[in-house]
Each structure stands twice: as C-alpha cells, then as structure tokens.
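Report on one structure; see the data block that follows.
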Amino acid sequence: IAHTATIAFWLGRNQWCSENGIGYAVWAIVLGMIPTNLLPSDKTIWIRKFAAKDGEFFIKCSLGLLAVELTVLASVGGPAMIVAWIGSPLAIAIGFALGVRLFKCSDKLAMLIAVGASWCGASAISAVAPIVMASSEEVALAISVVAFFTIIFTFLQPYLAIAAGMPDEVAGAWIGGSVDQTGNVIVSAAIISEEATEVAAIVKMVLNAGLGVMASVIACYWSMCHASEGEKSPKFSFVMLWDKFPKFTLGFIITSVILTGIVKERDGTLESEALPRAVSTLNKWWFAIAFCGIGLTTDLKKLFREAWKSGVIQVYLVANTLDIFLALGLSYLAYFVMV
Numbered sequence: 211i212a213h214t215a216t217i218a219f220w221l222g223r224n225q226w227c228s229e230n231g232i233g234y235a236v237w238a239i240v241l242g243m244i245p246t247n248l249l250p251s252d253k254t255i256w257i258r259k260f261a262a263k264d265g266e267f268f269i270k271c272s273l274g275l276l277a278v279e280l281t282v283l284a285s286v287g288g289p290a291m292i293v294a295w296i297g298s299p300l301a302i303a304i305g306f307a308l309g310v311r312l313f314k315c316s317d318k319l320a321m322l323i324a325v326g327a328s329w330c331g332a333s334a335i336s337a338v339a340p341i342v343m344a345s346s347e348e349v350a351l352a353i354s355v356v357a358f359f360t361i362i363f364t365f366l367q368p369y370l371a372i373a374a375g376m377p378d379e380v381a382g383a384w385i386g387g388s389v390d391q392t393g394n395v396i397v398s399a400a401i402i403s404e405e406a407t408e409v410a411a412i413v414k415m416v417l418n419a420g421l422g423v424m425a426s427v428i429a430c431y432w433s434m435c436h437a438s439e440g441e442k443s444p445k446f447s448f449v450m451l452w453d454k455f456p457k458f459t460l461g462f463i464i465t466s467v468i469l470t471g472i473v474k475e476r477d478g479t480l481e482s483e484a485l486p487r488a489v490s491t492l493n494k495w496w497f498a499i500a501f502c503g504i505g506l507t508t509d510l511k512k513l514f515r516e517a518w519k520s521g522v523i524q525v526y527l528v529a530n531t532l533d534i535f536l537a538l539g540l541s542y543l544a545y546f547v548m549v
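The opening residue of the sequence shown carries number 211 in the numbering used here; numbering runs sequentially from there.
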C-alpha cells in the first residue's frame with residue numbers, strides 16, 4: 211500500500227494532473243481499486259480485510275495530524291457550525307418524512323438512509339441502527355446504497371465546483387457539509403486545493419462532533435414516537451453521547467493546541483515556518499495510504515448490484531439533494547456573504 215501511495219503522489223504531482231485537479235487522492239483510490247475489481251475476490255480478500263481496518267486507522271490519524279493553528283481554526287470554526295449544524299438536521303428531518311410518507315419506505319430504513327445521506331455515511335448509520343432497532347440486513351442495505359452514491363459525488367462535486375469557479379473556501383465548506391464519509395470528503399476537497407481541504411476537514415469534523423447529539427435526539431424522538439410494542443429503544447444518556455462522539459476530533463484539537471503553542475513560542479524563526487509544513491506533509495502521506503485502502507475495499511460490481519436491488523434509492527437521492535443544496539447555500543452565506 212505504501213508503494214502504491216508513492217506512485218499516486220508521483221502521478222498526482224505531474225504538471226497536467228495537478229492543473230486539472232487529478233491529484234494524489236484520485237490516483238490513490240483508482241490504483242487501489244485495480245486489484246479489487248480486476249482480480250478474483252478470493253485472491254484479494256486478505257488484502258481487503260487488512261486494508262479496511264488499516265485504512266480507517268490511517269484516516270483517523272491523518273485527521274488528528276490535520277492540525278491547524280487555533281487562529282485559523284477560530285476564523286473558520288464559526289462558519290463551519292453554520293454549514294454543519296443547520297443544513298444536515300433539516301435534510302434528515304425532511305428526508306425521513308418524505309421517505310415514509312411519499313415513498314412508503316419503512317420508518318427504520320428511511321431513518322437510516324436519511325442520516326447516512328445527510329450526516330456522515332456509514333458512521334451515522336451505525337450509530338443510529340441500534341436506536342431504531344434496525345436489522346443487520348437493513349443496515350447493510352443502507353450502507354451499500356450510501357457507499358455507492360458517495361463514490362459518485364466524491365468526484366462529481368469538486369469538478370462542479372471547479373467548473374463553476376467557486377471560491378476554494380466555499381467549495382471546501384460545501385463538500386465538507388454534503389459529501390458522506392470523512393475520508394471521501396478529504397479525497398473530494400483535495401482535488402480542488404489545500405485550502406479547500408482544510409476548510410472541508412474542519413466542517414466535517416464539526417459535523418462529526420455532533421454525531422452523539424444527533425443520535426441522542428433521534429433516540430428521544432424514536433422512544434416517544436416510533437418504538438414498536440415489545441421494543442425498547444435506547445434513551446438519551448451522557449454515556450451514549452460520549453460513546454457516539456468521534457474521538458479523533460479530540461486528537462485534532464490536541465495537536466492543534468500543541469502546534470499553536472510551539473509556533474507562537476518560536477514566532478519569527480525558521481522552525482515556526484517549517485513545523486506546520488512538516489506536519490502537513492506527514493498528514494498527506496497518511497491520507498494517501500488511507501485512500502489506497504479505500505480503493506482496495508471498493509467493489510464497484512457489488513455496490514452497483516446492491517444499489518439496483520434496493521428500493522431506497524429515491525429516499526437517498528431526495529435526502530442527499532436537500533443536503534447538497536442546503537450546504538451550498540449555507541456555505542456561500544457563511545464563507546462569502548458574511549465574510
């Protein structure tokens with residue numbers, strides 16, 4: 211995987227690729243997908259097994275290493291909350307309501323699809339599944355549908371942003387607030403620029419930080435309105451809040467505090483300029499390895515088959531479209547109009 215990441219960096223630094231937004235992130239995923247989708251599954255099962263586990267680990271470590279000086283974080287943290295905590299809850303509520311009433315989807319599956327499309331993909335689905343008492347088949351179906359379309363939007367949205375001449379900060383916030391899965395957000399934003407990647411990561415981490423709150427609100431709502439007779443849906447507790455809280459967000463905050471302290475102490479020296487660059491370089495290498503892992507675990511045939519078999523594609527498209535347009539409007543408001 212490390213060798214594949216090196217090749218991805220080499221290809222991504224090519225002048226033509228760099229100018230056309232085909233950076234290391236795209237190459238890492240494409241190169242990673244080659245063995246999984248061209249070789250027999252029994253020949254790559256051990257690779258996919260370890261890549262899935264290590265890829266998730268590297269993504270979380272990379273996000274921890276996406277340390278920024280707190281002065282930068284303070285300038286984008288407020289707008290990030292506007293993008294993350296207004297649009298996504300609205301998309302969940304509307305998507306769930308339309309899924310149940312318009313598309314006649316089961317309430318459990320509609321909720322899983324709505325949170326997966328509007329919050330943070332498989333993580334949100336996994337957090338909400340025990341609350342709504344969803345079966346393993348319903349969870350697998352929801353994750354398959356979300357994963358399938360996430361791949362499409364991961365590459366579609368950044369090129370739309372580039373074609374529209376969208377400012378990097380706005381594009382990053384839009385992607386961070388609407389693309390599912392943290393790893394895919396970084397891949398998508400990296401196609402545009404480093405500035406877009408930084409903003410997208412912060413918006414996504416602000417959104418991820420609210421996962422426990424979102425799960426707790428759904429638990430309260432479900433226990434009052436949707437728990438079937440004989441079912442006992444989990445109720446709100448601070449233990450649930452902590453359990454659903456993404457711990458890598460704490461790593462990001464801690465490393466940002468350390469970086470800010472060192473840079474401030476060494477202000478005006480070569481070290482103060484070199485340290486952020488060194489951390490950024492290490493961050494990119496770990497991301498590249500993680501992206502290769504994402505590619506290795508992406509079986510396009512399986513995802514395509516599951517998507518066509520499902521009856522919840524309409525629910526996903528409605529919820530995700532709402533999330534995309536709400537995030538776009540809020541991104542322009544927070545990072546362009548209010549600046």
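Cβ coordinates follow ideal geometry from the N, Cα and C atoms, glycine included.
Checklist entry - Quick one, are the C-beta atoms of G382 and V409 less than 7 Å apart? => result yes
Checklist entry - Could you give the C-beta distance for A344 and K318, rounded to a whole number, given that I count them as a contact under 8 Å? => result 5 Å
Item to check | Where G471 falls, given that 16 or more other Cβ within 10 Å makes a residue buried | outcome: exposed
Checklist entry - In whole angstroms, what is the alpha-carbon distance linking V325 and R476? => result 44 Å
Item to check | C-beta contact flag for C502 and T246 at 7 Å | outcome: no
Checklist entry - Which class does V380 belong to by DSSP, given the choice of helix, strand or coil? => result helix
Next on the checklist: Under 8 Å: do the stretch 483-490 and the stretch 219-227 share three or more Cβ pairs, one atom per stretch?
Outcome noted: no
Next on the checklist: Can you confirm whether the stretch 539-549 touches the stretch 392-405 when touching is taken to mean that 3 or more C-beta pairs between the two stretches lie within less than 8 Å?
Outcome noted: no
Next on the checklist: I need the DSSP call for K494, collapsed to helix, strand or coil.
Outcome noted: helix
Item to check | When L540, F535 and V528 are compared against A307, the one with the closest alpha-carbon | outcome: V528
Item to check | Extent of the continuous alpha helix (DSSP H) to which D509 belongs | outcome: Looking at the DSSP string, D509 is not in any alpha helix (DSSP H), and its letter there is neither H nor E.
Checklist entry - How would you call I353, buried or exposed, if buried means at least 16 neighbouring beta carbons within 10 angstroms? => result buried
Item to check | Through-space distance from G274 to L469, alpha-carbon basis | outcome: 12 Å
Next on the checklist: Output needed for G309: all residues of its chain with C-beta closer than 6 Å, excluding positions within five of it in sequence on either side, in chain order.
Outcome noted: C315, A320 and V525
Checklist entry - Are the beta-carbon atoms belonging to I304 and L532 less than 7 Å from one another? => result yes
Item to check | Candidates I402, R311, G387 and S298, of which the one nearest I412 by Cα | outcome: G387
Item to check | For S466 and E483, the rounded distance between their alpha carbons | outcome: 15 Å
Checklist entry - Curious, which full-length alpha helix (DSSP H) runs of at least 4 residues does the stretch 341-397 contain? => result 346-373 and 378-388
Checklist entry - Taking the alpha helix (DSSP H) that V423 falls in, what are its first and last residues? => result L421 to C435
Item to check | Straight-line Cα distance separating E405 from D378 | outcome: 6 Å
Next on the checklist: What does the alpha-carbon distance come out to for the pair L538 and I523?
Outcome noted: 22 Å
Item to check | Buried/exposed call for W237, threshold 16 Cβ in 10 Å | outcome: buried
Checklist entry - Secondary structure at L312, three-state DSSP: helix, strand or coil? => result coil
Item to check | Sub-7 Å separation of S272 and A419 beta-carbons | outcome: no
Item to check | Buried or exposed (CB count within 10 angstroms, at least 16 for buried), E481 | outcome: exposed
Next on the checklist: Less than 7 Å between C-beta atoms, sequence neighbours within five positions excluded: which residues of the same chain meet that for L221?
Outcome noted: C227 and W237
Item to check | Reference L248; option with closest CA among L510, I463, V427 and I504 | outcome: L510
Item to check | Beta-carbon separation (whole angstroms), A294 vs V416, contact threshold 8 Å | outcome: 4 Å
Item to check | Nearest to Y234 (by Cα), restricted to the options F497, F535, W432 and Y542 | outcome: F497
Checklist entry - Sorted by chain position, which residues of the same chain lie with C-beta nearer than 7 Å to F219's C-beta, five sequence neighbours on each side aside? => result Y234 and A498
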